[in-house]
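Visitor: I have a structure here, written as structure tokens, and I will follow up with some questions on it.
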Ligand SMILES: *Cc1c(COP(=O)(O)O)cnc(C)c1O
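Numbering (this note's numbering), first residue to last: 354 to 848.
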């Protein structure tokens, strides 16, 4: 962030950092010269007497504490200004490819905020039948959407879902007395696929894409064999292309005794139209925080339920939820050959409540409609932008090339036009990739604005791009230091 010149601690003199007069009602700011939104304690510190009648030992109490003595509107404005330093899907379009940043309808927030939704996870099954019923329903919805026979809600993210799914595949082979050491992954796959396979102890076999951006069948045929534990595939793949040969691909892998893993982080193109289970996949994860709304970003929160076919159901994590065989209610139980726990209790529960509400409200037709619009929007936007889009036709997303421009610089410049940039520099098979996914939530007017921003940036010179962003609360941050040496507390700035 800054060079640490900001003076937190004792000082009550916020003036030295305060914005100039006339900019008082602007966004909060954080500049390289140490100007920032004053802390509440810098705006006011009032001695408040406390602890006089405390039952605690004297050495654990204090007599007074400095607290900001501010009026409620001052507080509300402080936090609102800080929130405006951020770009969110409630501020504008967020076409971050592969991440599916869709608008989060407020009814899903209401469902998650319902006091009845937030029950303690350790409560006995008998006292939380409603919660268990919602869990069982969501398992059922997701199973039907993916064409899977059983679903666990436990994994807390897509990557955790992958890890769970690959461990289930591993446990299955082991139970069959087979020692299979390899997981095959196409080069266009999401980075988490490679990390998952490696962390689960497999050797990764990377599969080069064919000319048209799809799986190269000959290369696959050469790669599969007795060592193949699984093929991990995303379909439509990260270029937004449907793997048309999926039945042949499935046959090749199954004939060699391997399993087919579906990376279902992003189901927008398939909802209500096609199901991974019908394509021959045996195990998959869903990113409910992408496909089924739910705010996400900055590392969380998420949920990555995993669906499996019948043969893999005994290996699901524990506890699993099901309707009691006699129909008298719902219960938690441990599947016969469970791989154990991958997260506490039933996972990130309130994220799952949002997904449940989203699916229940949209229903079969609504989901299919969302999918149709997501695909239409991606194709409409791809047509309207000046950047070249080397592969196509696409489904829910497309990958444009920034050509001679640096994709990361172009992305920074888009912020100046008030839009969130697409995913950049990935997948690597497209030069200077701008991976773009407008989602179904954008209107035609909003897509036109988005295209105008892309086109304005595409016509600009390198110097302009390199100086961007100019109109945001924070300018270019040192991304490497931010990732490698994070300072997670305000006090740390003083060091
Ligand atoms: C987002 C994503 C993942 C990982 O999901 P997380 O919830 O971020 O861990 C995996 N695969 C694809 C294709 C994705 O887009």
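Built from N, CA and C at the ideal position, the CB exists for glycine as well.
A quick note: this is a predicted structure, and the numbers were derived from the prediction, not measured.
Grab me the residues of residue 762's own chain with a C-beta within less than 8 Å of its C-beta, minus the 5 sequence neighbours each way, in chain order.
Guide: For the purposes of this step, residue 762 is taken as the residue at position 409 of the chain shown. Closer than 8 Å at Cβ, skipping near neighbours: 815, 818, 819, 821.
Visitor: Any heavy atom of ligand 1 inside 7 Å of the beta-carbon of residue 541?
Guide: In the chain shown, residue 541 corresponds to position 188, counting from 1. No, ligand 1 has no heavy atom inside 7 Å of this Cβ.
Visitor: I'd like the span of the beta strand (DSSP E) that includes residue 840, first residue to last.
Guide: Against the chain shown, residue 840 aligns to sequence position 487. First-last for residue 840: undefined, no H or E at that position.
Visitor: Would you say residue 680 touches ligand 1, meaning its beta carbon is less than 7 Å from a heavy atom?
Guide: The residue you call residue 680 lines up with position 327 of the chain shown. Checking the Cβ of residue 680 against ligand 1 gives no.
Visitor: Based on the DSSP output, what are the partners of residue 741 in its beta bridges?
Guide: Counted from its first residue, the chain shown places residue 741 at position 388. According to DSSP, which records beta bridges pairwise, residue 741 is partnered with 754.
Visitor: Cβ of residue 659 within 8 Å of Cβ of residue 544?
Guide: In the chain shown, residue 659 corresponds to position 306, counting from 1. In the chain shown, residue 544 corresponds to position 191, counting from 1. Not closer than 8 Å, so no.
Visitor: Taking DSSP's pairing of strands, which residues face residue 449 in a bridge?
Guide: Along the chain shown, read from residue 1 onward, the residue named residue 449 stands at position 96. Paired residues: 789.
Visitor: Is it right to say residue 708 is buried, meaning 16 or more other beta carbons lie within 10 angstroms of its own, or is it exposed?
Guide: What you label residue 708 is simply residue 355 of the chain shown in a count that begins at 1. The residue in question, residue 708, is buried, as its Cβ has 16 or more Cβ neighbours within 10 Å.
Visitor: Spatial neighbours of residue 486 within its chain, please: CB distance less than 7 Å, with the 5 preceding and 5 following residues excluded, ordered by chain position.
Guide: Against the chain shown, residue 486 aligns to sequence position 133. Closer than 7 Å at Cβ, skipping near neighbours: 683.
Visitor: Give every residue of the same chain whose Cβ lies closer than 6 Å to the Cβ of residue 785, excluding the five residues on either side of it in the sequence, and list them in chain order.
Guide: For the purposes of this step, residue 785 is taken as residue 432 along the chain shown, with counting starting at 1. Excluding positions up to five away in sequence, the list reads 754, 755, 760.
Visitor: What is the residue span of the beta strand (DSSP E) that residue 811 lies within?
Guide: Position 458 of the chain shown, counted from the first residue, corresponds to residue 811. Residue 811 -> not in any beta strand (DSSP E); alpha helix (DSSP H) instead, spanning 797-811.
Visitor: Do the CB positions of residue 727 and residue 792 come within less than 8 Å of each other?
Guide: Taking the chain shown and counting its residues from 1, the one referred to as residue 727 is at position 374. Taking the chain shown and counting its residues from 1, the one referred to as residue 792 is at position 439. A contact, by the Cβ cut-off of 8 Å.
Visitor: Between which residues of its own chain and residue 823 is the CB-CB distance below 6 Å, once the five residues before and five after are set aside?
Guide: In the chain shown, the residue the question calls residue 823 occupies position 470. Scanning its chain for C-beta atoms nearer than 6 Å, with the 5 sequence neighbours on each side dropped, one finds around residue 823 the residues 769, in chain order.
Visitor: Out of 419, 390, 527, point me to the one whose CA is closest to residue 432's CA.
Guide: Here residue 432 corresponds to residue number 79 of the chain shown, with the count starting at 1. It is 390.
Visitor: When the distance is taken between beta carbons, is residue 788 closer than 8 Å to residue 776?
Guide: In the chain shown, counting from the first residue as 1, residue 776 sits at position 423. In the chain shown, counting from the first residue as 1, residue 788 sits at position 435. Yes. Within cutoff.
Visitor: Measuring straight from C-alpha to C-alpha, what distance separates residue 583 and residue 501?
Guide: One-based indexing of the chain shown puts residue 583 at position 230. One-based indexing of the chain shown puts residue 501 at position 148. One C-alpha to the other measures close to 17 Å.
Visitor: Name the residue from 406, 559, 528 whose alpha carbon lies nearest to the alpha carbon of residue 539.
Guide: Counting from one through the chain shown, the residue named residue 539 turns up at place 186. It is 559 whose Cα lies nearest to the Cα of residue 539.
Visitor: Tell me the rounded alpha-carbon separation between residue 402 and residue 430.
Guide: Translated into positions along the chain shown, residue 402 becomes position 49. Translated into positions along the chain shown, residue 430 becomes position 77. Using only the alpha carbons, I get a separation of about 27 Å.
Visitor: Ligand 1 and residue 510: does any heavy atom of the ligand fall closer than 7 Å to the residue's C-beta?
Guide: Counting from 1 along the chain shown, the entry for residue 510 is found at position 157. Yes.
Visitor: I'd like to check one pair, residue 669 with residue 505: are the Cβ atoms closer than 8 Å?
Guide: If you number the chain shown from 1, residue 505 lands on position 152. If you number the chain shown from 1, residue 669 lands on position 316. In contact: residue 505 and residue 669 (Cβ atoms closer than 8 Å).
Visitor: I need the DSSP call for residue 833, collapsed to helix, strand or coil.
Guide: On the chain shown, residue 833 is found 480 positions in, with the first residue counted as 1. Residue 833 falls in the helix class under three-state DSSP.
Visitor: Report yes or no: do the region 732-750 and the region 801-813 share at least 3 C-beta pairs separated by less than 8 Å?
Guide: yes
Visitor: Cβ-heavy atom distance between residue 451 and ligand 1 below 7 Å?
Guide: Taking the first residue of the chain shown as position 1, residue 451 is located at position 98. Yes, since a heavy atom of ligand 1 falls inside the 7 Å radius drawn around the Cβ of residue 451.
Visitor: Assuming residue 769 is part of the alpha helix (DSSP H), what are its boundary residues?
Guide: For the purposes of this step, residue 769 is taken as the residue at position 416 of the chain shown. For residue 769, the uninterrupted alpha helix (DSSP H) run begins and ends at 760-769, by DSSP.
Visitor: Let me make sure I understand the geometry here. Which of 484, 523, 700, 677 has the alpha-carbon closest to that of residue 655?
Guide: As a working note, residue 655 is residue 302 in the chain shown. Comparing Cα positions, the closest option is 700.
Visitor: Kindly give me the distance between the Cβ atoms of residue 893 and residue 625, rounded to whole angstroms, as I take these residues to be in contact under 8 Å.
Guide: Residue 893 lies beyond the stretch modelled for the chain, which goes from 354 to 848, so this question has no answer here.
Visitor: Would the beta-carbon of residue 340 fall within 8 Å of that of residue 448?
Guide: Absent from the model: residue 340. The displayed extent of the chain is 354 to 848, so no value can be given.
Visitor: DSSP has residue 685 in a bridge; who is on the other side?
Guide: The residue labelled residue 685 in the question sits at position 332 within the chain shown. Paired residue(s): 674.
Visitor: Just verifying my parser: in three-state terms, what is the DSSP assignment at residue 539?
Guide: As a first step, residue 539 must be located in the chain shown, where it is residue number 186. DSSP places residue 539 in strand when its eight states are reduced to three.
Visitor: Return the first residue and the last residue of the beta strand (DSSP E) that residue 646 is part of.
Guide: Here the question's residue 646 lines up with position 293 in the chain shown. Element bounds for residue 646: n/a, residue is neither H nor E.
Visitor: Mind checking residue 797: buried by the 16 CB within 10 Å criterion, or exposed?
Guide: Working through the chain shown from its first residue, we reach residue 797 at position 444. It is exposed - the Cβ of residue 797 has fewer than 16 other Cβ atoms within 10 Å.
Visitor: Taking only three categories from DSSP, how would you classify residue 365?
Guide: If you number the chain shown from 1, residue 365 lands on position 12. With a pLDDT of only 46 at residue 365, under 50, the local geometry of the prediction cannot be trusted, and no value is derived from it.
Visitor: Hey, would you say residue 771 sits closer than 8 Å to residue 445, going by beta carbons?
Guide: Taking the first residue of the chain shown as 1, we reach residue 771 at position 418. Taking the first residue of the chain shown as 1, we reach residue 445 at position 92. Yes, they are a contact pair.
Visitor: If we ignore side chains and look at the alpha-carbon of each, how far apart do residue 711 and residue 645 end up?
Guide: Locating residue 711 in the chain shown gives position 358, counting from the first residue. Locating residue 645 in the chain shown gives position 292, counting from the first residue. So the two alpha carbons sit approximately 6 Å from each other.
Visitor: Can you tell me the Cα-Cα spacing of residue 628 and residue 418, whole angstroms?
Guide: In the chain shown, residue 628 corresponds to position 275, counting from 1. In the chain shown, residue 418 corresponds to position 65, counting from 1. Residue 628 and residue 418: Cα-Cα distance of roughly 59 Å.
Visitor: With residue 647 and residue 451 assumed to form a contact (beta carbons below 8 Å), what rounded beta-carbon distance in angstroms separates them?
Guide: As a position in the chain shown, residue 647 is number 294, starting the count at 1. As a position in the chain shown, residue 451 is number 98, starting the count at 1. No, residue 647 and residue 451 are not in contact; Cβ-Cβ is about 16 Å, not under 8 Å.
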